[in-house]
Every structure is written in structure tokens, then in C-alpha cells.
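A.B. asks:
Residue numbers (this note's numbering), protein chains in the order written: chain A, 6 to 353; chain B, 6 to 353.
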């Protein structure tokens, strides 16, 4: 078991490694986005927080760029050239933006990071076509990496994109299904959340021509990290403090979202979950407010708050184990472990 | 100038070459689509006309499969193996479906081939995510072609996809712009329509490792074909006979669409186009019905009906010229010429 000692954080409260790597990846992402046709660039610049709705610079920094950082570390872990890490960072981040632009629209989400989502700001058509353009641009960026392993990298990335899309398709299906099992839900999370983190964690290594065992360890790290992240996210969807998260209290119960702890509880056959069942299987557009807190309390009493955090910790510990086994420079290993902890627990 | 003698047509009234090549490409497309997750496969099978909304076989044949036929001919033109033509046929057709699924939604089109469009039948989310899945699947299909020129082929296809997306983005922008020039409009059509026909016409040759001059001729053929097709399509949008086309009479005028003949006319400074200007720049959700016919008559009187068909013929003749210059087996050349005529004039 790794003894984890958190790194110093920067002025923005983020781990040092994120700030350092963002210095490298951010200009590359900006350069690539600037190749888009004007209207498409505007939507993506807004979505990334670089600009306001009117296209003026926002003065705000972009996001935390966790995926780009993982991509940089994935080539450094196998002592590959930074240029493959950069190509991977840009590609993975653009795929991430593609999926957010489309998902926000499909899910009807109107706010992201305290601002209207892109489809609200620019219209559904603009969000769809900009997402499409970002996916094509991401593929372009891998195609021009210059690596002798470009084809392998592209095959890997495109499969992960396919899984990401399948995960979102499953999530959409869940909305109208009553029989979602914990297994279904794990499969959805593995696709929708873990696949792209897996991609970020291994693409740079694949482009660098790393041996298969190293690539497998990095992939495993990313998958475990992704599941840990999703479990914590699901915990916050029920028990999160809205003043910290900026998300509504009891949000996933209110929207009857079939998340990991909720499907686990429903599947458990546990007797004391009447309010939860009323919430999840009730009629009407939204469950009655007074039931939401009761359902959350039932879930805690039946041990599912503990369960979801235990599961997250166990995935995190598997992610750490993959890093320990890796033949990588020690500082890179330390950064990977740091990021795993940050990604998993920053929301709590 | 080629002396063009139309081929015999099959029982379905389609040129022989389309029917023959569809026998080869259709099973390959079905196999690839069957790899999709269940809900995604359902949407695509419906969109292609294979099934009804409930997923039951429709008993109807699929579409004409013009792009797959061009893709098959593109490898045969350079005496490459059919398997590269097939990989290209599947990939290009899936890209086509991706773009139709998204475009119908963005454009708010509710009918396609006499049935509700996919987003009407299954919801906007299903249309978005299925389109996304098809784009990823198309790339997968090229990645597994087995050609030593896969990377080259993918680079070529992905650029054409980027142009297609840019064309659609321009088209969306045109809706709120009053200053669309003929050049803007040509650029939009080159992206939205011609790029994918260019891709279909050359991808198989690129995967076959054809010399650059042959690839350039096939690309030129596809581009010219695409422009000819769009010009005729724009003619039908104004002067088409709805009993033949199944589209509403004067449709492009009613929806104030900035098409090639309309932007050409507006840009001409021609004095006798008052009704056209009232239609195109009027307020209100739709122009008054009585002005539509007047605008169409003005356009004819000012020579723009003749102009659009002359332009189409001149692009078609350039497409034929590219075929003549090609070092390809004569029967393949004859098929390419046949398809160019069919694609251009089948709608008239």
C-alpha cells in the first residue's frame, strides 16, 4: 500500500503537477482549437471558459485540465517524447469537450461551471455541430503526431470513444427503464466515465511505442481512477453539500438518476428502502420533496453511503497498485498517485 | 466531350451498376451496423429504411447506395482489391448517415423518404448519440481495412469529414445572415455536399496505394459531381415538380434558403427581382404565399433557372473529363460516367 503524501498546492488550490502541465498543454489546445471555423471556435472557446458568450476573453482560467495532465504523464511514464504526450493531451481534451457539448444537450442540463451550457447560449444546432467538429479535430491531432505508432494509438483512442458513446447511450436508456441492475450501471460508468480517463492515461505511452505490459498498467490505472471518480460523484449526487459542490442538494434523487449507490441499494433487496422506492418508481414529473431526504437517510442507514465511499477507496487503491508496478521514473509515479487522489476526492 | 449512352436500368429503374455494387456493399454495411449497441443499431436501421419504428423489418430495400458504389469504383479504377473498396464504401456511407441524423435534427426536418426522421421517431438524444456512434464506427472500419495506406486513407477521410462539418456550420450560420455571397454559398456546398462525394470517389484508390495523379483525378471527379448534384438540387428547391420529387413546391423560397441560384441572383444586382428580395428579406416567420411564385418567375425571367442548369452541366462535363483522363479499365470509366449522370439528373 502506497503511503500517500499530498503535494504542495498552487495559489489556485490545485496540485502542483496540474499547474505545471497545464502550462504545456493549454497553448497546444488553444492552437488546435484556433483551426476551427469561426462559429465553431466561438462555441468551444465559450465552453472551455476562455470567452464569454459574446466572444470576449473571460479573464478566467480554463478548467483543471486533468485529462491533459494524465496524457502528458502517460508518455513521461514510459520516457517517451513530450510531443506524443501533447498530441494525446489535446486529442483527449477535445474528445472530452465533444462529449460534454453533446451530453449537456441530450441530458437537458442548462448550467455548467456556474454558466449557461453551450446549447443554451448558442442553440442546439451550434452545440451539435461544434461537438462533431471537435471529434474530427481530435482525430486529426493524433493523425499528425508523427509517431510510428499512430495507427495503434488511433485504434486505441477510437475504441475508447466508442465506449464513451455507448456509455452515454446506456445512460439515456436508463431514463425509461425500471430494471437497471448494478452491473448495467457499472457498465455505463465504465463507458461514460472510465474509458476516456483510460484513454488519457495510456495514449501517450502507446504513441511512444511502450511495451504492452506498461500500457496495460496505465490503462488499468485510468479505468480504476475513472470508477473511483464516478462513485464519489454519485455519492455527492445524494449527500453532497451544495455550498461546496455548486450542485443542488439531493440532486440525483430528485432527477431519479440510476446511479451506482442507488442501483446497488435497490438490487440489495433491503427492506428499509420504502421512501427510496417511492422516489425512484413514483409517477409525476418529480418526486415529492419531503421524500427525498427520507430516501437519502434510508440509504445511509442501510450502509450505502459507506458502501459507495469504500468502493471508491478500493478502486483508488487498485489504481495506486498499478502505478507501483509500473517501471516509470519515481517523480512520474508520484504525480500519477497525486492525480488519482485529487480526481477521486477533490469533490468531497 | 464524352458521348454518353445511358446503361440499361434494373427493375427498380436504377442503373445496372448501382444494383450490382449494392449486392456487395449492403451486406458489409449491415455487418458493421450490427456491431452497434442495441439502441443505436435500432436508430440506424430505421434511418436506413431497413426497419420500421418498432424495429421490425420494413420489407423495403435500403437507399440507392450511390456513395458505396462510388467507393467500390474508386478501388476498381486503380485495379486495387475490392476489400479496400468495401471498407471505403462502409465508412463513407456511415459518415453520410452520421451527417444526415445530425443535420435533420439541426435543420428541424421532420420527414425523410416519406417517413418521420429519426429524431422525430426516437427523440433528439437518440439521433445525436447514434450519429456520434456512426462516425466512430466509420473510422474503425477504415482502421481495420488492412491496407498499408490506412493512415493516408484516414487522414484523407477525416479532412473531408471536417469539411462536411464546416459546410453544415456555414449553412446554419446562413440562416441568420443577410450578406451571404455566391462565393460563401459555393464554399458551403463544396463542404456540405461535395466533400463526401470526393471522399467516396477516392478513398478506395488511396487505400489501394494508387499514384497521386490518379487520386487527384478521382478527387476532382467527386468534387465536380458534388457541385453538379447540389446545383440541380437547388434548382428543384425552386422549380421542382412536387409530384416527382416528393418535396414541397417552391420549398427553398418558402424557407428562405440561401441556395446557389438565389445568392447568384441577389448578388447580380439585377433590377427585376423585387418579389425575390421581399421573400428573402421579409419579416415574419414565413414569406406570404402569393410572393413565392412571383419570385420564382422573376428568377426564371432573369435567366437563373437556365444558369443553374448550365452550371450543373458544366460541372458534370468536368467530372466526365476527369474520368476520360484516368488510366482505368474502360468498364469502370463507363460506370463512373453513368453514375455522374445519374447523381446529377435523377432528380429532374
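Don't be surprised by glycine CBs; every beta carbon is placed ideally from N, CA and C.
On the DSSP bridge assignment, give the partners of residue 14 (chain A) in chain order.
C.D. replies: Your numbering for residue 14 (chain A) matches position 9 in the first chain. The partner list for residue 14 (chain A) (beta bridge, DSSP) reads A:20.
A.B. asks: Residue 165 (chain B) by DSSP, collapsed to three states: which one?
C.D. replies: By 1-based counting over the second chain, the position of residue 165 (chain B) is 160. Residue 165 (chain B) falls in the helix class under three-state DSSP.
A.B. asks: What residue from B:298, B:120, B:341, B:70 has the CA that sits closest to residue 51 (chain B)'s CA?
C.D. replies: For this step, residue 51 (chain B) is matched to residue 46 along the second chain. Checking every option, the nearest Cα to that of residue 51 (chain B) belongs to B:120.
A.B. asks: So if DSSP puts residue 56 (chain B) in a beta bridge, which residue, or which two residues, is it bridged to?
C.D. replies: Against the second chain, residue 56 (chain B) aligns to sequence position 51. Under DSSP, residue 56 (chain B) shares a beta bridge with B:62.
A.B. asks: So, for residue 292 (chain A): in the same chain, excluding its five sequence neighbours on each side, which residues have a beta-carbon less than 6 angstroms away from its beta-carbon?
C.D. replies: For the purposes of this step, residue 292 (chain A) is taken as the residue at position 287 of the first chain. For residue 292 (chain A), same chain residues with a beta-carbon under 6 angstroms away, outside a window of 5 residues either side, are 284 in chain order.
A.B. asks: Between the C-alpha atoms of residue 34 (chain B) and residue 67 (chain B), what's the straight-line distance to the nearest angstrom?
C.D. replies: Translated into the one-based positions of the second chain, residue 34 (chain B) becomes position 29. Translated into the one-based positions of the second chain, residue 67 (chain B) becomes position 62. Annotation: residue 34 (chain B) to residue 67 (chain B) spans about 11 angstroms, alpha carbon to alpha carbon.
A.B. asks: For the region 72–87 of chain B against the region 39–47 of chain B, do three or more pairs of beta-carbon atoms, one drawn from each stretch, fall closer than 8 angstroms, so that the two count as touching?
C.D. replies: Contact fails: fewer than three Cβ-Cβ distances are below 8 angstroms.
A.B. asks: Judging by CA-CA distance, which residue of A:231, A:57, A:97, A:59 is the nearest neighbour of residue 31 (chain A)?
C.D. replies: For this step, residue 31 (chain A) is matched to residue 26 along the first chain. The candidate whose alpha carbon is nearest that of residue 31 (chain A) is A:97.
A.B. asks: Quick check: the Cα distance between residue 241 (chain A) and residue 282 (chain A), rounded to an integer number of angstroms?
C.D. replies: Within the first chain, residue 241 (chain A) is the residue found at index 236, counting from 1. Within the first chain, residue 282 (chain A) is the residue found at index 277, counting from 1. Roughly 20 angstroms separates the two Cα atoms.
A.B. asks: Please go through the region 61–122 of chain B and give each complete alpha helix (DSSP H) segment of 4 or more residues, from N-terminal end onward.
C.D. replies: Annotation: the region 61–122 of chain B contains the following complete segments of the alpha helix (DSSP H) (minimum length 4 residues), in chain order: 71–82, 87–112.
A.B. asks: When DSSP labels each residue in this structure, what does residue 185 (chain A) get in the three-state scheme?
C.D. replies: Your numbering for residue 185 (chain A) matches position 180 in the first chain. Here residue 185 (chain A) sits in coil by DSSP.
A.B. asks: Using alpha carbons as the reference points, say which of B:277, B:301, B:155, B:216 lies closest to residue 84 (chain B).
C.D. replies: Taking the second chain and counting its residues from 1, the one referred to as residue 84 (chain B) is at position 79. Of the listed residues, the one whose Cα sits closest to residue 84 (chain B) is B:216.
A.B. asks: Which word fits residue 6 (chain B), buried or exposed, when buried means at least 16 other C-beta atoms lie within 10 angstroms of its C-beta?
C.D. replies: Within the second chain, numbered from 1, the residue matching residue 6 (chain B) stands at position 1. At residue 6 (chain B), the pLDDT of 43 sits below 50, so the modelled position is not reliable and the matter cannot be decided from this model.
A.B. asks: Can you name the start and end residues of the alpha helix (DSSP H) that residue 323 (chain B) belongs to?
C.D. replies: Numbered from 1 along the second chain, position 318 holds the residue referred to as residue 323 (chain B). Taken as a continuous stretch (DSSP letters only), the alpha helix (DSSP H) holding residue 323 (chain B) covers 309–330.
A.B. asks: Cβ of residue 381 (chain B) less than 8 angstroms from any chain A Cβ?
C.D. replies: The structure shown does not extend to residue 381 (chain B), since chain B spans only 6 to 353, so no value can be given for it.
A.B. asks: Scan the region 33–60 of chain B for residues whose Cβ lies nearer than 7 angstroms to a Cβ of chain A and list them as they occur along the chain.
C.D. replies: 42, 44, 45
A.B. asks: Between which two residues does the alpha helix (DSSP H) carrying residue 338 (chain A) extend?
C.D. replies: Residue numbering aside, residue 338 (chain A) sits at position 333 when the first chain is read from its first letter. Residues 335–350.
A.B. asks: Which of the three DSSP states, helix, strand or coil, is assigned to residue 255 (chain A)?
C.D. replies: As a position in the first chain, residue 255 (chain A) is number 250, starting the count at 1. DSSP places residue 255 (chain A) in coil when its eight states are reduced to three.
A.B. asks: Could you check which residue in A:271, A:37, A:132, A:348 has the C-alpha nearest to that of residue 307 (chain A)?
C.D. replies: Counting from one through the first chain, the residue named residue 307 (chain A) turns up at place 302. Looking at the Cα atoms, A:271 is the closest of the given residues.
A.B. asks: Show which residues of chain A have a CB atom less than 7 angstroms away from the CB atom of residue 154 (chain B).
C.D. replies: Counted from its first residue, the second chain places residue 154 (chain B) at position 149. Correct list: empty, because the minimum Cβ distance to chain A is about 11 angstroms.
A.B. asks: How big is the Cα-Cα spacing for residue 3 (chain B) and residue 298 (chain A)?
C.D. replies: There is no way to answer for residue 3 (chain B), as the model of chain B reaches only from 6 to 353.
A.B. asks: Give me the residue from B:234, B:300, B:265, B:276 with the minimum Cα distance to residue 349 (chain B).
C.D. replies: Taking the second chain and counting its residues from 1, one reaches residue 349 (chain B) at position 344. Nearest option by C-alpha distance: B:234.
A.B. asks: Alpha carbon to alpha carbon, how far is residue 173 (chain A) from residue 197 (chain A)? Give it in angstroms, no decimals.
C.D. replies: Within the first chain, residue 197 (chain A) is the residue found at index 192, counting from 1. Within the first chain, residue 173 (chain A) is the residue found at index 168, counting from 1. Taken atom to atom, the span from the alpha-carbon of residue 197 (chain A) to that of residue 173 (chain A) is near 6 angstroms.
A.B. asks: Quick check on residue 202 (chain B) - is its C-beta less than 8 angstroms from some C-beta in chain A?
C.D. replies: Here residue 202 (chain B) corresponds to residue number 197 of the second chain, with the count starting at 1. No, no contact with chain A.
A.B. asks: Quick one: which chain B residues come within Cβ less than 9 angstroms of residue 110 (chain A)?
C.D. replies: Numbered from its first residue, the first chain carries residue 110 (chain A) at position 105. Near residue 110 (chain A) (Cβ distances below 9 angstroms), the residues of chain B are 129, 130, 133.
A.B. asks: Are the CB atoms of residue 303 (chain B) and residue 277 (chain B) within a distance shorter than 8 angstroms?
C.D. replies: Within the second chain, residue 277 (chain B) is the residue found at index 272, counting from 1. Within the second chain, residue 303 (chain B) is the residue found at index 298, counting from 1. Yes; because the gap between Cβ atoms is below 8 angstroms, this pair is in contact.
A.B. asks: Select from B:312, B:166, B:218, B:154 the residue whose C-alpha is nearest the C-alpha of residue 236 (chain B).
C.D. replies: Indexing the second chain from 1 puts residue 236 (chain B) at position 231. When only C-alpha atoms are compared, the closest one is B:312.
A.B. asks: Would residue 160 (chain B) pass as a contact of residue 23 (chain A) if the rule is Cβ separation under 8 angstroms?
C.D. replies: If you number the second chain from 1, residue 160 (chain B) lands on position 155. If you number the first chain from 1, residue 23 (chain A) lands on position 18. Cβ distance not < 8 angstroms, so residue 160 (chain B) and residue 23 (chain A) don't count as in contact.
A.B. asks: Less than 8 angstroms between the CB atoms is what I'm expecting for residue 345 (chain A) and residue 210 (chain A), so what's the real figure, rounded?
C.D. replies: Position 340 of the first chain, counted from the first residue, corresponds to residue 345 (chain A). Position 205 of the first chain, counted from the first residue, corresponds to residue 210 (chain A). Rounded, the Cβ-Cβ distance is 16 angstroms, inconsistent with contact.
A.B. asks: What's the gap between the Cα of residue 194 (chain A) and the Cα of residue 101 (chain A)?
C.D. replies: Here residue 194 (chain A) refers to the residue found at position 189 of the first chain. Here residue 101 (chain A) refers to the residue found at position 96 of the first chain. Answer to the nearest angstrom: the Cα atoms are 15 angstroms apart.
A.B. asks: Could you check how far apart the C-beta atoms of residue 79 (chain A) and residue 208 (chain A) are, in whole angstroms? I think they sit under 8 angstroms.
C.D. replies: Reading the first chain from its first residue, position 74 is the one you call residue 79 (chain A). Reading the first chain from its first residue, position 203 is the one you call residue 208 (chain A). Between residue 208 (chain A) and residue 79 (chain A) the Cβ distance is about 6 angstroms, and since that is below 8 angstroms, they are a contact.
A.B. asks: Going by C-alpha distance, which of A:219, A:264, A:279 is nearest residue 333 (chain A)?
C.D. replies: Counting from one through the first chain, the residue named residue 333 (chain A) turns up at place 328. For residue 333 (chain A), the nearest C-alpha among the options comes from A:219.
A.B. asks: Identify the continuous alpha helix (DSSP H) that holds residue 209 (chain A) and give its terminal residues.
C.D. replies: Counting from one through the first chain, the residue named residue 209 (chain A) turns up at place 204. Note, residue 209 (chain A): alpha helix (DSSP H), 200–212.
A.B. asks: List, in order along the chain, the chain A residues whose C-beta lies closer than 8 angstroms to that of residue 96 (chain B)?
C.D. replies: Reading the second chain from its first residue, position 91 is the one you call residue 96 (chain B). Ordered by position in chain A, no residue passes the 8 angstroms Cβ test against residue 96 (chain B), which lies about 12 angstroms from the chain.
A.B. asks: Listing by chain order, which chain A residues have their CB less than 7 angstroms from the CB of residue 170 (chain B)?
C.D. replies: The sequence position of residue 170 (chain B) within the second chain is 165, counting from 1. By Cβ distance, chain A contributes 134, 137, 138, 141.
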